[in-house]
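In my numbering, the protein residues as written are 41 to 218.
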């Protein structure tokens, strides 16, 4: 339940427009999302984006990647803000910095995938999205290296959200004509 609430918050944070709930091309969105791992996330994300009515399947992939970029960027900012809180725990600060960097790299990889999608180099887009999906895992592993550090539940939710968004984007790309 908490994960669903987080994903809804993430979606509305990514689309703060007063007209965020628009009538996209429901048939294309449904057809596209049926081929992904997380139908509900895919459908609600694409349906709520104001650019989806005019998007083809490649455009829908770009929309999902954009949502992933928003997630990665907001998570990096969240982690960077945690670095500013007063703490003498240098290990925690080092791990938070490493994690913020990983989410920045994830955003960069997603940005690269948008360029790949635009030029229809789908194998590279797939590779970049897969890398973006894995960067949060490196953050999680950084916490595991230190027994006195606990992986924050908020970060675990954000990690899961980015992984799911990337899985949806990968599912859409799987169905593009390579």
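In this text, a Cβ means the ideal position worked out from N, Cα and C, and glycines have one as well.
Would residue i pass as a contact of residue j if the rule is Cβ separation under 9 Å?
i           : j           : result
residue 216 : residue 90  : no
residue 228 : residue 208 : Nothing can be reported for residue 228: it is not among the residues displayed for the chain, which extend from 41 to 218.
residue 115 : residue 78  : no
residue 124 : residue 137 : no
residue 212 : residue 72  : yes
Mind checking which residues open and close the alpha helix (DSSP H) that includes residue i?
i           : result
residue 119 : 97–123
residue 77  : Where residue 77 is concerned, there is no enclosing alpha helix (DSSP H), given that its DSSP letter is neither H nor E.
residue 135 : 130–158
residue 203 : 193–214
residue 181 : 162–184
residue 189 : Unbroken run through residue 189: none, as it is neither H nor E.
Meets three-Cβ-pair contact criterion under 8 Å: the region 169–177 and the region 142–150: yes
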